[in-house]
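Numbering (the working numbering), first residue to last: 9 to 443.
Backbone N, C-alpha and C define an ideal beta-carbon position, used for all residues, glycine too.
The structure presented is a predicted model; accordingly, all values stated were derived computationally and were not measured.
First comes the structure, then the notes that go with it.
Written as structure tokens, this is what we have:
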């Protein structure tokens, strides 16, 4: 039986309403799904931004650590350089300290920007991001991303500053190594100049130099103190000598080692011996010369006289120019010293000849009893034949058996006992055949 029309209509209405509801529910579900997807995407963007910020902060803190370490290195170097610049010692090369001084002037310029490098703000993130809507999450994510870029920029600035500081520190390190190398070089020259210092003091000084050459920056000042103390022990050793000091009786003057200063003028005394030109010598050499002349006369019955002794720089200039004008420079250089290079200027050298003449300032003097006696006995009185026969390649001068040099009895005796003919060989110096 067919239901009434009204019933059928009611059913249609009910089904239609149900369909509308279903569509609405489905639509709502679709909207909710879309919103959820959008929220998840926003949450992902937020989390990515948050992670990027975390990484940026870590990078920033690492950069802060690097720049703090670099700043400490710079301050340590600056303090070290300041201390070194206050050192006053002949072993410290002036050119090396000049380089360090220039570097230290730039330290303030390097440090100044480091003080202004503040820390960037870090955007706080909500404790419960799931309670926020999409727009809120995106706003926070964008703000975090912006701050991350700012942190990255600050990090890059610090890294560049740290690199700049480390470059400066490396430059200072090079300057310090140059300083050490210069001190070691001068130290070796110092050892050469003072070979007659006590063996103990020389060994201690050499050991200090070796240690200094291997010392790192942190221990440099202590190592320098040891070197300077050891140098002082050498300088004050009872047997210490200075081969470059014109006041030393063993000063070595040759074509490679001029007097310092070249205008040097010693204190002189007049010597009571037979002479041709005014007999002027340093006090240390005067007495031994009188004794040697007296011994020669007592042992041979002959007499010596002093032909030439002290010559000033001006007198040596005239003497050398005369030889050049009469012989030419090449020949003059074989028998006459250039101004500032003459042993006569030290007041420790002289020329002798026989009383009565004969072979005066000539090589035949070496074949006379006078020359032979001096060659065999001068050392007993602290004198040596300064330009011996056969050593022109070392001394730079032809054989001059008449030219004597006072070096003191200790050195002359040591040279005689060891069979050493020249000061260059005795002190381990390079030959000086030419200027």
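Exposure of residue i, with buried meaning 16 or more beta-carbon neighbours within 10 Å
i	result
residue 344	buried
residue 269	exposed
residue 258	buried
residue 61	buried
residue 226	exposed
residue 244	exposed
residue 82	buried
residue 324	buried
residue 279	buried
residue 318	buried
residue 256	buried
residue 394	buried
residue 349	buried
residue 202	buried
residue 328	buried
residue 86	buried
residue 182	exposed
residue 416	buried
residue 66	exposed
residue 232	buried
Beta-ladder partner(s) of residue i, from DSSP
i	result
residue 411	359
residue 102	Answer by DSSP bridge pairing: none, since residue 102 is not bridged.
residue 277	289
residue 393	412
Where residue i falls: helix, strand or coil (DSSP)
i	result
residue 382	helix
residue 315	strand
residue 283	strand
residue 342	helix
residue 372	helix
residue 266	coil
residue 205	coil
residue 478	Outside the shown range of the chain (9 to 443) lies residue 478, about which nothing can therefore be said.
residue 310	coil
residue 329	helix
residue 77	helix
residue 441	coil
residue 399	coil
residue 165	helix
residue 256	coil
residue 296	helix
residue 212	helix
residue 141	coil
residue 68	helix
residue 224	coil
residue 95	coil
residue 429	coil
residue 418	helix
residue 305	helix
residue 196	helix
residue 405	coil
Integer-rounded CB distance, given that residue j should sit under 8 Å from residue i
i	j	result
residue 404	residue 262	6 Å
residue 397	residue 359	Not quite, the Cβ-Cβ distance comes to about 16 Å (not below 8 Å), so this is no contact.
residue 411	residue 357	7 Å
residue 321	residue 353	6 Å
residue 289	residue 195	Actually they are not in contact, since the Cβ atoms of residue 289 and residue 195 sit about 34 Å apart, beyond 8 Å.
residue 54	residue 148	6 Å
residue 238	residue 213	4 Å
Given residue i as reference, the closest of the options once Cα atoms are compared
i	options	result
residue 49	66, 144, 110	144
residue 311	363, 154, 225	363
residue 179	198, 110, 199, 213	110
residue 209	242, 391, 193, 189	242
residue 253	239, 392, 274	274
residue 77	114, 414, 167, 51	167
residue 193	391, 218, 175	218
residue 5	93, 313, 309	The question about residue 5 has no answer here: the residues shown for the chain are numbered 9 through 443.
residue 264	442, 68, 339	442
residue 409	377, 206, 164, 112	377
residue 91	79, 184, 204	184
residue 406	347, 284, 338	338
residue 301	44, 277, 389	389
residue 299	267, 382, 197, 374	382
Residue i: CB within 7 Å of a non-hydrogen atom of the ligand FMN
i	result
residue 169	Judged by which ligands are present, the structure shown has none, so any question about the ligand FMN falls away.
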